[in-house]
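**Student:**
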Amino acid sequence: MPAPHSITTRQENSAIHDSVFLRRAYHSSTVLGKRVYIGGGECSYSSGGRTVHQPSDALVSIDLSEDWNNVSVALHATFGSSGAGALKNGGIWVDEKKDTLYTGFAGISSSFGDGVTSAQGLWSSSPDTSGGGLWQSLNGSTDESFTTRPRAFGGQVASGDGSGYFLGGMQPYSRLVDNGSSHPDPVRGLVSYNFSTKKLRSMAVSGVSTEGNEQNGGMLYVPNFGDHGILVAMGGEQMSGPDNNSRNLIPFTNVRVFNPISNEWFEQRTSGSIPKPRKEFCIAGTASNNHTYEILVYAGWDGTLGLTALPYDEAFVLTLPGFHWTKANYLALHPRHGLTCNAVGGGQILTIGGVDTMQKGSYSAAFDTPDPFTQGLAIFDLISLTWRDSYSVNPDSYTPAPEVHAYYKTNGRSPTAGFTSPALESLFAIEYFTAPGNSNEPEHGNIRALIGGIVGSVVGVLFAAFLVFCCWRRRVRRRYQETYFPKLPTLASMRNPSPKRQRQRRLPPPGNWSGWPAAPGASWEKGGKKHTGGLQEPTAWDGKGGGIMYYHYRPKRFYRRFLPERVQKCFFADGL
Numbered sequence: 001m002p003a004p005h006s007i008t009t010r011q012e013n014s015a016i017h018d019s020v021f022l023r024r025a026y027h028s029s030t031v032l033g034k035r036v037y038i039g040g041g042e043c044s045y046s047s048g049g050r051t052v053h054q055p056s057d058a059l060v061s062i063d064l065s066e067d068w069n070n071v072s073v074a075l076h077a078t079f080g081s082s083g084a085g086a087l088k089n090g091g092i093w094v095d096e097k098k099d100t101l102y103t104g105f106a107g108i109s110s111s112f113g114d115g116v117t118s119a120q121g122l123w124s125s126s127p128d129t130s131g132g133g134l135w136q137s138l139n140g141s142t143d144e145s146f147t148t149r150p151r152a153f154g155g156q157v158a159s160g161d162g163s164g165y166f167l168g169g170m171q172p173y174s175r176l177v178d179n180g181s182s183h184p185d186p187v188r189g190l191v192s193y194n195f196s197t198k199k200l201r202s203m204a205v206s207g208v209s210t211e212g213n214e215q216n217g218g219m220l221y222v223p224n225f226g227d228h229g230i231l232v233a234m235g236g237e238q239m240s241g242p243d244n245n246s247r248n249l250i251p252f253t254n255v256r257v258f259n260p261i262s263n264e265w266f267e268q269r270t271s272g273s274i275p276k277p278r279k280e281f282c283i284a285g286t287a288s289n290n291h292t293y294e295i296l297v298y299a300g301w302d303g304t305l306g307l308t309a310l311p312y313d314e315a316f317v318l319t320l321p322g323f324h325w326t327k328a329n330y331l332a333l334h335p336r337h338g339l340t341c342n343a344v345g346g347g348q349i350l351t352i353g354g355v356d357t358m359q360k361g362s363y364s365a366a367f368d369t370p371d372p373f374t375q376g377l378a379i380f381d382l383i384s385l386t387w388r389d390s391y392s393v394n395p396d397s398y399t400p401a402p403e404v405h406a407y408y409k410t411n412g413r414s415p416t417a418g419f420t421s422p423a424l425e426s427l428f429a430i431e432y433f434t435a436p437g438n439s440n441e442p443e444h445g446n447i448r449a450l451i452g453g454i455v456g457s458v459v460g461v462l463f464a465a466f467l468v469f470c471c472w473r474r475r476v477r478r479r480y481q482e483t484y485f486p487k488l489p490t491l492a493s494m495r496n497p498s499p500k501r502q503r504q505r506r507l508p509p510p511g512n513w514s515g516w517p518a519a520p521g522a523s524w525e526k527g528g529k530k531h532t533g534g535l536q537e538p539t540a541w542d543g544k545g546g547g548i549m550y551y552h553y554r555p556k557r558f559y560r561r562f563l564p565e566r567v568q569k570c571f572f573a574d575g576l
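One point on numbering: in UniProt numbering, the residue at position 182 of the sequence shown is 182, and numbering is uninterrupted.
1. Find the nearest neighbour of V257 within the set S414, G33, R269, I250, judged by alpha-carbon distance.
2. To the nearest angstrom, how far is the alpha carbon of G33 from that of T351?
3. Just curious, the beta strand (DSSP E) that S17 is in, first and last residue?
4. Could you check the C-alpha separation between A287 and C341 for me, to the nearest Å?
5. Skipping 5 residues on each side, what residues in its chain have a beta carbon closer than 8 Å to that of E431?
6. In three-state DSSP terms, what is W135?
7. Compute the Euclidean distance between the alpha carbons of E42 and S111, then round it to the nearest angstrom.
8. Three or more C-beta pairs under 8 Å: does that hold for the segment 368-375 against the segment 64-83?
9. From which residue to which residue does the beta strand (DSSP E) around Y408 run?
10. Tell me, to the nearest whole angstrom, how far the beta carbon of Y102 is from that of L122; I am working on the premise that it is less than 8 Å.
11. Can you round the beta-carbon distance between L200 and V187 to whole angstroms, since I take them to be within the 8 Å contact cut?
12. Using the C-alpha atoms, what's the distance from N244 back to S209?
13. Where does G235 sit, in a helix, a strand or coil, going by DSSP?
14. Assuming F79 and A106 are in contact, meaning their beta carbons sit under 8 Å apart, how far apart are those beta carbons, in whole angstroms?
15. Let me check understanding here. Comparing Cα to Cα, which of S130, F153, S159, Q120 lies closest to S145?
16. Any idea which residues DSSP pairs M358 with across the strands?
17. Determine whether the beta carbon atoms of L64 and V393 lie at a separation below 9 Å.
18. For a quick check, are the C-beta atoms of S163 and G91 less than 9 Å apart?
19. Could you check the C-alpha separation between G346 and H324 for me, to the nearest Å?
20. Considering only residues of the same chain and omitting the five flanking positions on each side of residue 590, which have a CB-CB separation below 7 Å?
21. Counting C-beta neighbours from all protein chains within 10 Å, is the total for V222 16 or more, i.e. buried, or is it exposed?
22. Here's the rule I'm using: 16 or more other beta-carbon atoms within 10 Å means buried, otherwise exposed. How should residue 577 be labelled?
23. Should N301 go down as buried or exposed, given a rule of 16 or more other Cβ atoms within 10 Å for buried?
24. Pair every Cβ in the segment 226-236 with every Cβ in the segment 252-267, then say whether three or more of these pairs are closer than 8 Å.
25. Does S392 come out as helix, strand or coil in the three-state DSSP assignment?
26. Return helix, strand or coil for F146, following the three-state DSSP convention.
27. Mind checking who K97 pairs with in its DSSP beta bridge?
28. Y37: buried (16+ other C-beta within 10 angstroms of its C-beta) or exposed?
29. Around the C-beta of T434, are 16 or more other C-beta atoms found within 10 angstroms, so that it is buried, or is it exposed?
30. Quick one: is K279 buried, meaning 16 or more other Cβ sit within 10 Å of its Cβ, or exposed?
31. If you drop the 5 nearest sequence neighbours on each side, which residues of the same chain put their C-beta closer than 8 Å to that of L427?
32. May I ask you to report which of helix, strand or coil DSSP gives T374?
33. Thinking G212 and I250 are a contact (beta carbons under 8 Å), I'd like their distance in whole angstroms, please.
34. Where does L307 sit, in a helix, a strand or coil, going by DSSP?
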């Protein structure tokens with residue numbers, strides 16, 4: 001590590017020694033494998049008695065395969081990314097199947113330092129085992145929209161199940177308003193990028209109050225519910241007004257849920273200790289061994305700097321599928337905004353950076369105070385709802401806090417007021433949770449393959465049972481026909497029987513049927529009423545004197561019956 005006073009270049013300030021480190025903010029971070037990756041954003045540090053503010057374009061990683069605290073932790077920085085990562089308010093997508101990171105799809109250049117800009121387009125990195133890896137341009141090999149459309153920033157970013165997502169956000173400053181100031185334009189809708197097909201898709205958002213107009217909020221991909229996971233978005237603000245100069249905070253009383261299979265949006269009401277509206281907070285979540293999913297919402301602000309921001313140093317946990325908020329009980333001391341956080345196993349949430357919300361003044365003033373968390377790193381424990389400065393290598397499964405358990409014990413696995421729609425309830429009825437000790441990210445492919453095998457086996461058994469039933473039914477019907485409906489001889493054979501037919505009585509000549517109608521359409525009277533018959537001449541006696549085999553015709557229907565002699569006349573006289 002270079003001496004503290006020698007840190008002057010843009011690339012070096014992403015892995016600053018803790019003795020001179022001040023702040024890190026408006027960066028992006030994610031987890032891939034056994035490492036946390038931090039990219040972009042802005043940093044500040046002390047050098048020669050002055051504060052230096054610089055953008056960060058290095059890719060920094062932290063090892064999660066060994067224990068550390070925020071003093072002993074080693075930050076591995078990779079340089080030479082040609083400005084690809086020098087963006088703030090951007091994001092990082094993760095393709096876990098290919099161990100690849102993506103950036104450049106969102107963000108805006110920093111005004112700090114030498115004002116380095118990032119080329120328009122999409123960039124990727126496949127880090128090695130030590131966390132190193134350069135950003136490589138994908139321009140020319142992926143969707144051209146990354147280079148032709150304006151690059152948004154300040155939106156909600158998430159990725160999972162082979163796709164990356166970007167919700168809402170803003171477009172760069174495009175015009176001046178009457179007073180000479182400029183405001184960015186809001187972006188509405190959801191953008192998704194398929195890592196396999198390399199296609200970018202823009203979708204309108206309907207069915208929720210924000211209609212996709214969301215900035216500086218939070219969004220997570222939750223893999224444990226739905227056939228292919230869900231997106232959960234919350235908080236932030238909405239730009240409005242003729243000059244987009246009005247910012248309305250979005251309350252946490254409702255959260256938005258997206259089903260990526262049906263492309264449906266839902267809005268679900270929450271309960272419990274609901275956070276005050278805020279923006280630029282951090283959000284991260286993880287699955288528990290109780291088949292629930294807990295989401296941490298920490299810090300943020302309402303847009304006002306100074307002492308009034310102190311109460312925003314608070315942490316809340318939203319549990320799914322109950323949609324119930326629990327607030328952590330600790331003394332507010334260090335409000336911050338522009339930070340990120342990530343689940344790192346065992347119910348631990350790593351929080352990274354953030355500027356000092358209590359510092360009034362210029363934009364850079366919030367970077368000038370030392371972060372009370374060394375290197376800007378701290379761990380929030382979802383089990384105890386407390387803070388600590390050390391990370392421990394743990395299994396990915398964890399037991400939720402007692403407050404979370406208490407909610408489900410009282411209310412069951414549903415929101416207090418119920419789900420807002422049957423479709424949303426059905427979505428949360430589909431669950432994928434791994435056994436304790438396995439990855440927090442359920443392997444949907446393996447699970448679905450197992451389910452497919454089970455379903456296929458069941459279908460096969462049912463089909464075999466159906467075939468057996470059909471064979472049995474055919475045998476029964478054949479036996480029934482042989483008993484009650486033997487093969488009828490012809491009239492000629494009945495009048496001149498073969499030796500095999502000797503037991504069968506000869507038929508009388510046609511027309512001599514003891515008063516029965518002799519042909520179809522014949523009529524007769526009985527009980528003072530005229531009846532029209534459809535009786536065709538009997539074709540064979542049964543040979544036992546007990547009845548007659550006959551055919552009977554009616555429109556569109558054909559009957560073949562065997563009746564005892566004692567009911568034949570009554571039967572035909574009354575008609576079928």
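Where is the CB? At the ideal position from N, CA and C, for every residue including glycine.
**Tutor:** Inspection of the coordinates gives the following:
1. As a first step, residue 257 is located in the sequence shown; it is residue number 257 there, counting from the start. Nearest of S414, G33, R269, I250 to V257, Cα basis: R269.
2. As a first step, residue 33 must be located in the sequence shown, where it is residue number 33. As a first step, residue 351 must be located in the sequence shown, where it is residue number 351. The alpha-carbon atoms of G33 and T351 are separated by roughly 18 Å.
3. Locating residue 17 in the sequence shown gives position 17, where the first residue counts as 1. Checking the sequence, you will find His at residue 17 rather than Ser. Taken as a continuous stretch (DSSP letters only), H17 belongs to no beta strand (DSSP E), as it is neither H nor E.
4. The residue labelled residue 287 in the question sits at position 287 within the sequence shown. The residue labelled residue 341 in the question sits at position 341 within the sequence shown. Between A287 and C341, the alpha-carbon positions lie close to 16 Å from each other.
5. By 1-based counting over the sequence shown, the position of residue 431 is 431. The beta carbon of E431 lies closer than 8 Å to those of N224, F225, H291 in the same chain, with the five residues before and after it left out.
6. Reading the sequence shown from its first residue, position 135 is the one you call residue 135. Residue state, collapsed to three classes: coil.
7. Residue mapping note: residue 42 aligns to position 42 of the sequence shown, counting from 1. Residue mapping note: residue 111 aligns to position 111 of the sequence shown, counting from 1. Rounded to the nearest angstrom, the gap between the Cα atoms of E42 and S111 is 9 Å.
8. At 8 Å Cβ cutoff, the stretches touch.
9. By 1-based counting over the sequence shown, the position of residue 408 is 408. Run containing Y408: none in the beta strand (DSSP E); it sits in the alpha helix (DSSP H), 402-411.
10. The residue you call residue 102 lines up with position 102 of the sequence shown. The residue you call residue 122 lines up with position 122 of the sequence shown. Taking C-beta atoms under 8 Å as the contact rule, Y102 and L122 qualify, at a distance of about 6 Å.
11. Against the sequence shown, residue 200 aligns to sequence position 200. Against the sequence shown, residue 187 aligns to sequence position 187. The Cβ separation is near 14 Å, so there is no contact.
12. Position 209 of the sequence shown, counted from the start, is the residue given in the question as residue 209. Position 244 of the sequence shown, counted from the start, is the residue given in the question as residue 244. The alpha-carbon atoms of S209 and N244 are separated by roughly 18 Å.
13. One-based indexing of the sequence shown puts residue 235 at position 235. It is coil, neither helix nor strand.
14. To locate residue 79, count along the sequence shown from 1; it is residue 79. To locate residue 106, count along the sequence shown from 1; it is residue 106. About 22 Å; that fails the 8 Å criterion.
15. Locating residue 145 in the sequence shown gives position 145, counting from the first residue. Comparing Cα-Cα distances from S145 to each of S130, F153, S159, Q120, the minimum goes to Q120.
16. Working through the sequence shown from its first residue, we reach residue 358 at position 358. Bridge partners of M358 according to DSSP: none are assigned.
17. For the purposes of this step, residue 64 is identified with residue 64 of the sequence shown, where counting begins at 1. For the purposes of this step, residue 393 is identified with residue 393 of the sequence shown, where counting begins at 1. Here L64 is near V393, since their CB atoms are less than 9 Å apart.
18. Locating residue 163 in the sequence shown gives position 163, where the first residue counts as 1. Locating residue 91 in the sequence shown gives position 91, where the first residue counts as 1. Result no, Cβ atoms of S163 and G91 do not sit closer than 9 Å.
19. The sequence position of residue 346 within the sequence shown is 346, counting from 1. The sequence position of residue 324 within the sequence shown is 324, counting from 1. Computed Cα separation, rounded: 21 Å.
20. Coverage of the chain is limited to positions 1 through 576, which leaves residue 590 absent and any answer about it impossible.
21. Start at 1 with the first residue of the sequence shown, and residue 222 comes out as number 222. Counting the other Cβ atoms within 10 Å of the Cβ of V222 gives 16 or more, which makes it buried.
22. Because the chain here runs from 1 to 576, residue 577 falls outside it and cannot be looked at.
23. Within the sequence shown, residue 301 is the residue found at index 301, counting from 1. The residue you asked about is not Asn; residue 301 is Trp in the sequence shown. With 16 or more other CB atoms across the displayed protein chains lying within 10 angstroms of its CB, W301 is buried.
24. Yes, they touch.
25. Here residue 392 corresponds to residue number 392 of the sequence shown, with the count starting at 1. Looking at S392 - three-state DSSP - the assignment turns out to be coil, as it is neither helix nor strand.
26. Within the sequence shown, the letter at position 146 stands for residue 146. Helix.
27. Numbered from 1 along the sequence shown, position 97 holds the residue referred to as residue 97. Bridge partners of K97: none, in fact.
28. Counting from 1 along the sequence shown, the entry for residue 37 is found at position 37. Residue environment analysis places Y37 among the buried positions, since at least 16 neighbouring C-beta atoms fall within 10 angstroms of its C-beta.
29. Sequence index remark: in the sequence shown, residue 434 carries index 434 (1-based). The residue is buried, with at least 16 neighbouring Cβ atoms inside 10 Å.
30. If you number the sequence shown from 1, residue 279 lands on position 279. Result: buried.
31. What you label residue 427 is simply residue 427 of the sequence shown in a count that begins at 1. Excluding sequence neighbours, L427 sits near F225, G226, I230, V257, N259, F266.
32. What you label residue 374 is simply residue 374 of the sequence shown in a count that begins at 1. Helix, per DSSP.
33. To locate residue 212, count along the sequence shown from 1; it is residue 212. To locate residue 250, count along the sequence shown from 1; it is residue 250. Not a contact, Cβ separation roughly 12 Å.
34. Reading the sequence shown from its first residue, position 307 is the one you call residue 307. Helix at L307.
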